[in-house]
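Worksheet: one structure, shown below.
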Amino acid sequence: MANSMRAEHSTLGGHSVESSANTIQGADVFRLPNAIVLADANNFFASCETVFNPQLAGRPVVVLSNNDGCVVSRSAAAKQIGIVNGTPWFKIRDQAEHDGVIARSSNYELYASLSHRMMHVMSGFFSHQEVYSIDECFLHNTMTRARTEQTCNRLRNAVLRGVGIAVSVGVAPTKTLAKIANHWAKEHPASHNVTFWTDILHEYGDDVLRSIPVSEVWGVGRRITKKLMSMGITTALDLQRADPVLIQHRFSVLLERTVLELRGIPCVEDASNASSGVRRTQILCSRMFSSPVRGFETLSQALSVYAQQACHRLHRQNSLCGSVAAFCSTSPFSKEYSRIGNSVILDDPSDNPMVVSKAACDALRHRIDEHAPYIRAGVMLLDLSDAQDFNTFEGMDAQRDEHGIGNVLEIATRRFVPRRVGIGYGGLRGAGRNDADTGATWTMRRDMLSIRGTTRWDEMPIVHA
DNA sequence: TCTGGGGTCCTAGGACCC
DNA sequence: TCTGGGGTCCTAGGACCC
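Following this line, the structure appears as structure tokens:
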């Protein structure tokens, strides 16, 4: 599919020949100038923090990554005082606190819950929704220009009223252009947070793409930017005008598709597996430790906890894994950086946390340096297959865990909350209120965690009337 | 002192087969 | 003694996204 698409576009040199059929069906829908609607929450994590804590509205708020490491989301006010995403918190903490910045540990349980509500509300306004990330979705549109604008505004109001989150909307013929239109909507208050690509193109012509550095185009990362710059391609307009065949040759089909998308030719396919939820092809669970861990004994505690968490996700999508990989590493910022990884093939595909946990530990057992300070570790489940499809000869069954410990864990998790029970260290809970708080020294730091008002009875917000 | 986590897709290159 | 070329499959690594 992707290949035939590429061949077609490459040979046609940019503009496709339409078939005579003008039916609003299948791929033809996406040839319409307003076919793709991208709805994206403004400063999502920071906005979520404000939902149940309205005093934060208008104030500089930042949300930190796990372990309170880096800034990952900023409110408008925090952006205004010049805080940059990705900055390590320890480097700016003093100044930020002096400036009245309020920091929060990331509260993914809250964000996931609000994301779910937001997506549900938005799904009602268009025929097809493709959830792209926790805070944005593509909506497929077949309405007229006027109807589309009306619908986008109703969608924005519904999310704002129903969930308390502001979203911006970009409308364009392709996803890449919708990203650009969405960005424009966020940057230009006059747009009322809904921007049509065709409008800004009509008003500003080539200046729109000329004003966008190539590094800001969706799909262009740091490495590719550097290489493009050396070829004299510095703006989105330069990339749009580049030869797709040359780009494909020097880079990849991915970037070639970006060139075509910038020209208004849709090439990025639907990535979501309908609305029923996506089945992952690999599952990774990894964390940084709050302080360095030495020795296999302690490391295996962490591996065991991560393996159980990974199995929980494996079970949820009804898959089995054929192999388990584990890794650990010292700090990449230290002189003696080392990373150790190894994988183990299971005798039979399994979703049993006991089996997976043991495999993860076995993978690293005799490989680690007993004295090295490890700062992170992770467990990866690979070679996933559908549990229902699994058939072998008699006597060679999958190591399924039908009535065993995994199911007991699932049931207990559903009835109580995650991590009230578990194997080994995964079952211990310390005094703190953090999910992963096992009382061990390595569990992650979340010193500034807000309430999980939508998922925990004991943390429900209190309203004073 | 202190720098996130979880994914996807593509490509190159090796192994193997005929 | 000489030892082609093309296809397929797999894996590791690179690059990207949010």
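For the record, in the first sequence the residue sitting at position 304 is 1029 according to the working numbering, with numbers rising by one throughout. Backbone N, C-alpha and C define an ideal beta-carbon position, used for all residues, glycine too.
Beta strand (DSSP E) segment containing residue i, residue limits
| i | result |
| --- | --- |
| residue 942 | From DSSP, residue 942 is part of no beta strand (DSSP E); its letter is neither H nor E. |
| residue 773 | No beta strand (DSSP E) holds residue 773; the alpha helix (DSSP H) holding it covers 769-776. |
| residue 1099 | 1099-1111 |
| residue 1048 | 1044-1054 |
| residue 1073 | 1064-1075 |
| residue 798 | 796-799 |
| residue 828 | 827-830 |
Cβ-based burial, residue i [other Cβ within 10 Å; buried from 16]
| i | result |
| --- | --- |
| residue 1171 | buried |
| residue 886 | exposed |
| residue 982 | buried |
| residue 850 | buried |
| residue 1059 | exposed |
| residue 1031 | buried |
| residue 1156 | Residue confidence for residue 1156 is low, a pLDDT of 41 falling below 50, so the modelled location carries little weight; the figure read from the coordinates is stated next. Answer is exposed; the Cβ neighbour count stays below 16. |
| residue 807 | exposed |
| residue 914 | exposed |
| residue 810 | exposed |
| residue 1182 | exposed |
| residue 1095 | exposed |
| residue 1188 | exposed |
| residue 816 | exposed |
| residue 1190 | exposed |
| residue 970 | exposed |
| residue 844 | buried |
| residue 882 | exposed |
| residue 1175 | buried |
| residue 1029 | buried |
| residue 974 | exposed |
| residue 1076 | buried |
Beta-carbon gap between residue i and residue j smaller than 8 Å
| i | j | result |
| --- | --- | --- |
| residue 1074 | residue 1053 | no |
| residue 774 | residue 797 | no |
| residue 799 | residue 1173 | no |
| residue 764 | residue 862 | yes |
| residue 978 | residue 986 | no |
| residue 1013 | residue 872 | no |
| residue 921 | residue 949 | no |
| residue 1092 | residue 1065 | yes |
| residue 961 | residue 942 | yes |
| residue 939 | residue 980 | no |
| residue 1033 | residue 991 | no |
| residue 831 | residue 790 | yes |
Residue i CB to nearest heavy atom of the ligand ZN below 7 Å
| i | result |
| --- | --- |
| residue 939 | You won't find the ligand ZN in this model; it holds no ligand whatsoever. |
Residue i, enclosing alpha helix (DSSP H) - first and last residue
| i | result |
| --- | --- |
| residue 1026 | 1021-1041 |
| residue 817 | 814-823 |
| residue 907 | 900-912 |
| residue 1006 | No alpha helix (DSSP H) holds residue 1006; DSSP gives it neither H nor E. |
| residue 953 | 947-955 |
| residue 968 | Premise fails: residue 968 is in no alpha helix (DSSP H) and is neither H nor E. |
| residue 935 | 932-935 |
Reference residue i; option with closest CA among the options
| i | options | result |
| --- | --- | --- |
| residue 995 | 857, 844 and 915 | 857 |
| residue 1017 | 890, 881, 1097 and 1183 | 1097 |
| residue 779 | 1013, 866 and 890 | 890 |
| residue 852 | 840, 1014, 866 and 1182 | 866 |
| residue 1105 | 1081, 1094, 1093 and 1186 | 1081 |
| residue 1180 | 769, 838, 923 and 790 | 838 |
| residue 860 | 882, 893, 878 and 875 | 893 |
| residue 822 | 1029, 841 and 785 | 785 |
| residue 1109 | 951, 814 and 1005 | 1005 |
| residue 1177 | 762, 756 and 836 | 836 |
| residue 888 | 1186, 777 and 1169 | 777 |
| residue 1050 | 1040, 969, 1042 and 1036 | 1036 |
| residue 898 | 916, 923, 908 and 917 | 923 |
| residue 700 | 1009, 790, 884 and 1167 | Past the boundaries of the shown model lies residue 700; the chain is included only from 726 to 1190, so the question cannot be answered. |
DSSP-derived helix/strand/coil call for residue i
| i | result |
| --- | --- |
| residue 789 | strand |
| residue 1174 | coil |
| residue 887 | helix |
| residue 976 | coil |
| residue 927 | helix |
| residue 984 | helix |
| residue 779 | helix |
| residue 835 | helix |
| residue 853 | strand |
| residue 866 | coil |
| residue 1095 | coil |
| residue 1169 | coil |
| residue 896 | strand |
| residue 1184 | helix |
| residue 750 | In this prediction, residue 750 has a pLDDT of 42, which is less than 50 and means its spatial position is unreliable; nothing more can be read from the coordinates. |
| residue 760 | coil |
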